[in-house]
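Trainee: This is the structure, below, for whatever I ask next.
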Amino acid sequence: MRGTLTLNPWAPAWTPRRQPAGTSGNNAAAPQQLEPFELMRLPDAVVTTVISFLSSPSDVANCALACKSLKQHTEDAELVCDTRRRLLPLETAGGEGKKRELLEGIPKTMPGTVALLLPSLPLEDGELLRCVTTLPRLQLLDVSSRKLTHGGVTALLQRTAGDKQQDCEHGKCRAPASFFMLNLQRCFQLTTGSLDALLAVPGLSCLALSHLDLGRWGTEADALACLAAGQGARSSVLQVLVLQNCLRLHAGAIAALAAAAPAARFLMLGGCTLALAAFVSPPAAGVPHLPQPVLDLLHAAYKAAPTSTSATVAAHLGAAQWLLAAVLALPQLVALDLTFFPLPLVAAMRRVLGDVEVLAGLGRTPVEVWDFANDAATVVEQARSLLRRHLHPVSPSAGEVTNTAATAEAGASAVSAGARVADLLVEEAVRCIVRCAVNSSSTSRSTPLHMAAMTGSIAGIRQLLAGGAVVDARDTGGATALFLASEAGKSVDVCAALLAAGADPTISNAQGESPMYIAALRGHLGCVQALLRTCTSRGIQWMDPELYGDSWTPLHAAAVAGREDVAACLLQAAGAAGSELVVAPNKYGQSVVHIAARKGSAQLLRLLLSAGGVEAVVRRDGSGDTPVDVAKKNRHTAALAEFRRVTAQA
Numbered sequence: 001m002r003g004t005l006t007l008n009p010w011a012p013a014w015t016p017r018r019q020p021a022g023t024s025g026n027n028a029a030a031p032q033q034l035e036p037f038e039l040m041r042l043p044d045a046v047v048t049t050v051i052s053f054l055s056s057p058s059d060v061a062n063c064a065l066a067c068k069s070l071k072q073h074t075e076d077a078e079l080v081c082d083t084r085r086r087l088l089p090l091e092t093a094g095g096e097g098k099k100r101e102l103l104e105g106i107p108k109t110m111p112g113t114v115a116l117l118l119p120s121l122p123l124e125d126g127e128l129l130r131c132v133t134t135l136p137r138l139q140l141l142d143v144s145s146r147k148l149t150h151g152g153v154t155a156l157l158q159r160t161a162g163d164k165q166q167d168c169e170h171g172k173c174r175a176p177a178s179f180f181m182l183n184l185q186r187c188f189q190l191t192t193g194s195l196d197a198l199l200a201v202p203g204l205s206c207l208a209l210s211h212l213d214l215g216r217w218g219t220e221a222d223a224l225a226c227l228a229a230g231q232g233a234r235s236s237v238l239q240v241l242v243l244q245n246c247l248r249l250h251a252g253a254i255a256a257l258a259a260a261a262p263a264a265r266f267l268m269l270g271g272c273t274l275a276l277a278a279f280v281s282p283p284a285a286g287v288p289h290l291p292q293p294v295l296d297l298l299h300a301a302y303k304a305a306p307t308s309t310s311a312t313v314a315a316h317l318g319a320a321q322w323l324l325a326a327v328l329a330l331p332q333l334v335a336l337d338l339t340f341f342p343l344p345l346v347a348a349m350r351r352v353l354g355d356v357e358v359l360a361g362l363g364r365t366p367v368e369v370w371d372f373a374n375d376a377a378t379v380v381e382q383a384r385s386l387l388r389r390h391l392h393p394v395s396p397s398a399g400e401v402t403n404t405a406a407t408a409e410a411g412a413s414a415v416s417a418g419a420r421v422a423d424l425l426v427e428e429a430v431r432c433i434v435r436c437a438v439n440s441s442s443t444s445r446s447t448p449l450h451m452a453a454m455t456g457s458i459a460g461i462r463q464l465l466a467g468g469a470v471v472d473a474r475d476t477g478g479a480t481a482l483f484l485a486s487e488a489g490k491s492v493d494v495c496a497a498l499l500a501a502g503a504d505p506t507i508s509n510a511q512g513e514s515p516m517y518i519a520a521l522r523g524h525l526g527c528v529q530a531l532l533r534t535c536t537s538r539g540i541q542w543m544d545p546e547l548y549g550d551s552w553t554p555l556h557a558a559a560v561a562g563r564e565d566v567a568a569c570l571l572q573a574a575g576a577a578g579s580e581l582v583v584a585p586n587k588y589g590q591s592v593v594h595i596a597a598r599k600g601s602a603q604l605l606r607l608l609l610s611a612g613g614v615e616a617v618v619r620r621d622g623s624g625d626t627p628v629d630v631a632k633k634n635r636h637t638a639a640l641a642e643f644r645r646v647t648a649q650a
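Each residue of the sequence shown is one higher than the last, beginning at 1 in full-length UniProt numbering.
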């Protein structure tokens, strides 16, 4: 069961139907032998609700196979179908057959699915459409990170126009429910035409898209005029609009977004890049009109970075004016996500939209400005709480009409079921929106998790991971959050938390540097120890030179940095294989003893030679030099003395 949802917090405590023998009178203090709990003795509505907490298709199928009564309850239950745990088997041999089995099994075992999570599942448009059309109660769909086309979106949106299906057994007429939320992020074949079609979907409350090029979208004069006049698509009920990592966000696009979603409570633009040049020169329609107190506060609040040019300052102020105009045109807006926007702009927006006095004069309450990259420790939970408070399904039981012959008891059950569906949809939507937010990225593809790892914010790391951050996301340099945490070394707890969340310690950056290599090079002993523990528990052969770029092992890195403590830790972890690690050559034939001989550290050489012995002294590198030759060339007398001591003892 999901612990965040309860059946009825005000219900009295459950007690057995009859008092067990021997528990009355003087024997009340004796151990009570309560009768076994039987699920099927509960009211049908309660059993169905309990089953609705299942989300795995296999769990639901096993429940349905238990008995005929439970099979009926699984068919009646409003369910969340989460396939994310099934992705790994689908990627192995025979994955195509398993995918087909999964898609065909969902409508059979979970016909009451109201939320379907298929992120990263390799589906064709036709396969997705066939699955969706067999789920008439479906209201939340997550198909992020797949090759959905604009044609697929068009076909998907026509689903609600299908013929009504008669359910004679339950005395209901059911048409496909309207979508409450669609998450189509990282579907890279979608266009701004797809955005237009989705913004026009009736009844849609939450929409998440990403990676659209907005450079030529929303430039029409009518969109700018609508923003100036405070008029938009009044029929829209869109409450949450998530547009992340979109390119070339400009004045016309900002105006068009505000006009398309006048009922928006949350506008999330994390990771979008601003077309700054477009804000330096005012558009043809002119600059938006802002109340003078707002404009004065904006100019007072904006603090340019020391390296900012006058053009950059003008662009930031121009963008801020259009964003403020959009916020003021959205009377119900409570939060604006500007993750990875320029920090001076974010600070100014936060100052203006948090001024109670100025906003009260305009009949508005403060609007939160979120930055998941720099404030993850607090903003993730704030976002989750605010979304739960303000997000409401327009119609909890969409598409379902009960016959007039239904009894009052059935009507009460329907109301209860509708409330359960509403809670379920809101909870899944909140999870999905937060998951989108914590995985936005900058132009260098750094995510909030990367930022928290670099700064050593353990609170931020925990919040982001709990929000669904992808633990092994890589930036343009190939670095994961674990790599950056190992490089910074500011908190061993950060490395431990990332590893506990499943971070892969073998992923190298573009230069072939792994987390353990960089931690050893920087001398972060605690991080090295955490990585070694994880490699041991997962059976990773961390001593294998093939894991490291140009075969530069972590022991090589420790030798380069002259870190005796790290080298000792690595040799202790290697155990009997330490001698092989000492003589293992890199791309240039150099062992760690060659590296230490060039550095001239007698203590480090003593440690290495105690494990490698004489064999390490006579090994030649790619140039034909032994470690002794290297020490002679660099005139390291202390190193030469160590070599003489070892050879004399041999």
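The beta-carbon is built from N, C-alpha and C at its ideal position, and this holds for glycine as well. Here the structure is a predicted model, which is why all the values come from computation and not from measurement.
When you compare the CB positions of residue 424 and residue 114, do they come within less than 8 Å of one another, or not?
Mentor: Here residue 424 corresponds to residue number 424 of the sequence shown, with the count starting at 1. Here residue 114 corresponds to residue number 114 of the sequence shown, with the count starting at 1. Yes, they are a contact pair.
Trainee: Considering only C-alpha positions, which residue in the set 449, 472, 123 and 609 is nearest to residue 462?
Mentor: Counting from one through the sequence shown, the residue named residue 462 turns up at place 462. Taking only the C-alpha atoms, the option nearest residue 462 is 449.
Trainee: Roughly how many angstroms lie between the CA atoms of residue 573 and residue 608, to the nearest whole one?
Mentor: For the purposes of this step, residue 573 is identified with residue 573 of the sequence shown, where counting begins at 1. For the purposes of this step, residue 608 is identified with residue 608 of the sequence shown, where counting begins at 1. Using only the alpha carbons, I get a separation of about 14 Å.
Trainee: Which residue comes first and which comes last in the beta strand (DSSP E) that contains residue 181?
Mentor: To locate residue 181, count along the sequence shown from 1; it is residue 181. Here the beta strand (DSSP E) through residue 181 covers 181-183.
Trainee: For residue 483, which of helix, strand or coil comes out of DSSP?
Mentor: Taking the sequence shown and counting its residues from 1, the one referred to as residue 483 is at position 483. Helix at residue 483.
Trainee: Are the stretch 106-124 and the stretch 133-143 in contact at 8 Å, needing three or more beta carbon pairs?
Mentor: Enough Cβ pairs lie closer than 8 Å, so yes.
Trainee: Tell me whether the beta-carbon of residue 612 lies closer than 8 Å to the beta-carbon of residue 583.
Mentor: Numbered from its first residue, the sequence shown carries residue 612 at position 612. Numbered from its first residue, the sequence shown carries residue 583 at position 583. Yes, they are a contact pair.
Trainee: Looking at the structure shown, is residue 104 part of a helix, part of a strand, or coil, going by DSSP?
Mentor: For the purposes of this step, residue 104 is taken as the residue at position 104 of the sequence shown. Of the three classes helix, strand and coil, the one that applies to residue 104 here is helix, per DSSP.
Trainee: Leaving out the 5 sequence neighbours to the left and right, which residues in its chain are closer than 8 Å to residue 152 when beta-carbon positions are compared?
Mentor: Stepping through the sequence shown from its first residue, residue 152 is reached at position 152. Answer for residue 152: 125, 128 and 129, listed in chain order.
Trainee: Leaving out five residues on either side along the sequence, give the residues of the same chain with a beta carbon under 6 Å from the beta carbon of residue 38.
Mentor: As a position in the sequence shown, residue 38 is number 38, starting the count at 1. There are no such residues.
Trainee: Verify whether the separation of the beta carbon atoms of residue 718 and residue 383 is less than 8 Å.
Mentor: Any property of residue 718 remains undetermined from this structure, which presents the chain solely from 1 to 650.
Trainee: Can you give the beta carbon distance from residue 566 to residue 526, rounded, assuming they're within the 8 Å contact cut?
Mentor: If you number the sequence shown from 1, residue 566 lands on position 566. If you number the sequence shown from 1, residue 526 lands on position 526. That belief does not hold up - the Cβ atoms of residue 566 and residue 526 are roughly 10 Å apart, past 8 Å.
Trainee: At the level of alpha carbons, what is the spacing between residue 402 and residue 76?
Mentor: Residue 402 sits at position 402 when you count from the first residue of the sequence shown. Residue 76 sits at position 76 when you count from the first residue of the sequence shown. Residue confidence for residue 402 is low, a pLDDT of 39 falling below 50, so the modelled location carries little weight; the figure read from the coordinates is stated next. Approximately 15 Å between the Cα atoms of the pair.
Trainee: For a test of the three-state rule: what should DSSP assign to residue 154, helix, strand or coil?
Mentor: The residue given as residue 154 occupies position 154 in the sequence shown. Helix at residue 154.
Trainee: Helix, strand or coil for residue 566? Go by DSSP, reduced to three states.
Mentor: The residue given as residue 566 occupies position 566 in the sequence shown. Helix at residue 566.
Trainee: Which of helix, strand or coil does DSSP assign to residue 134?
Mentor: Position 134 of the sequence shown holds residue 134. Of the three classes helix, strand and coil, the one that applies to residue 134 here is coil, per DSSP.
Trainee: Pull up the distance between the alpha-carbon of residue 489 and that of residue 139, whole angstroms please.
Mentor: Taking the sequence shown and counting its residues from 1, one reaches residue 489 at position 489. Taking the sequence shown and counting its residues from 1, one reaches residue 139 at position 139. About 45 Å.
Trainee: By DSSP, does residue 680 sit in helix, in strand, or in coil?
Mentor: With the chain represented from 1 up to 650, any question about residue 680 goes unanswered, as that position is not in the structure.
Trainee: Looking at residue 385 and the ligand GTP, is the gap between the Cβ and the nearest heavy atom below 7 Å?
Mentor: The model on display carries no ligand, and the ligand GTP is accordingly not part of it.
Trainee: Kindly indicate which three-state DSSP category residue 244 falls into: helix, strand or coil?
Mentor: Counted from its first residue, the sequence shown places residue 244 at position 244. It is a strand residue.
Trainee: Alpha carbon to alpha carbon, how far is residue 297 from residue 323?
Mentor: If you number the sequence shown from 1, residue 297 lands on position 297. If you number the sequence shown from 1, residue 323 lands on position 323. Taking the straight line from one Cα to the other gives about 14 Å.
Trainee: Assuming the contact rule is C-beta atoms closer than 8 Å, residue 214 and residue 246 should be a hit. Round their C-beta distance to whole Å, please.
Mentor: Translated into the one-based positions of the sequence shown, residue 214 becomes position 214. Translated into the one-based positions of the sequence shown, residue 246 becomes position 246. Indeed, because the Cβ distance is near 5 Å, the residues count as touching under 8 Å.
Trainee: Taking residue 604 and residue 559 to be in contact with their CB atoms under 8 Å, please state how far apart those CB atoms are, rounded to whole angstroms.
Mentor: By one-based count along the sequence shown, residue 604 stands at place 604. By one-based count along the sequence shown, residue 559 stands at place 559. Sure, about 7 Å apart at Cβ, within 8 Å.
Trainee: What does DSSP give as the partner residue(s) for residue 80 in the beta ladder?
Mentor: Locating residue 80 in the sequence shown gives position 80, counting from the first residue. In the DSSP output, where bridge partners are listed per residue, residue 80 has 115.
Trainee: Just tell me which of 62, 55, 69 and 145 has its CA closest to the CA of residue 121.
Mentor: Here residue 121 corresponds to residue number 121 of the sequence shown, with the count starting at 1. Nearest option by C-alpha distance: 145.
Trainee: Locate the alpha helix (DSSP H) running through residue 279, then write down its first and last residues.
Mentor: Here residue 279 refers to the residue found at position 279 when the sequence shown is read from its first residue. It spans 276-280 - the alpha helix (DSSP H) in which residue 279 sits, taken as one unbroken run.
Trainee: Does the Cβ-Cβ distance between residue 208 and residue 184 come in under 8 Å?
Mentor: As a working note, residue 208 is residue 208 in the sequence shown. As a working note, residue 184 is residue 184 in the sequence shown. Yes, these two residues count as a Cβ contact at 8 Å.
Trainee: For chain B, check one thing: does any of its Cβ atoms lie closer than 8 Å to the Cβ of residue 484?
Mentor: You won't find chain B in this structure, because it holds only one protein chain.
Trainee: Residue 512: which of 240, 587 and 317 sits nearest, CA to CA?
Mentor: For the purposes of this step, residue 512 is identified with residue 512 of the sequence shown, where counting begins at 1. Closest option to residue 512, Cα to Cα, is 587.
Trainee: DSSP state of residue 124, grouped into three classes?
Mentor: The residue given as residue 124 occupies position 124 in the sequence shown. Three-state result, residue 124: coil.
Trainee: Which class does residue 266 belong to by DSSP, given the choice of helix, strand or coil?
Mentor: As a first step, residue 266 is located in the sequence shown; it is residue number 266 there, counting from the start. If DSSP states are grouped into helix, strand and coil, residue 266 belongs with the strands.
Trainee: Within the same chain, show all residues whose beta-carbon is closer than 6 Å to that of residue 561, passing over the 5 residues directly before and after it, in chain order.
Mentor: Locating residue 561 in the sequence shown gives position 561, counting from the first residue. The answer, listed in chain order, is 521 and 523.
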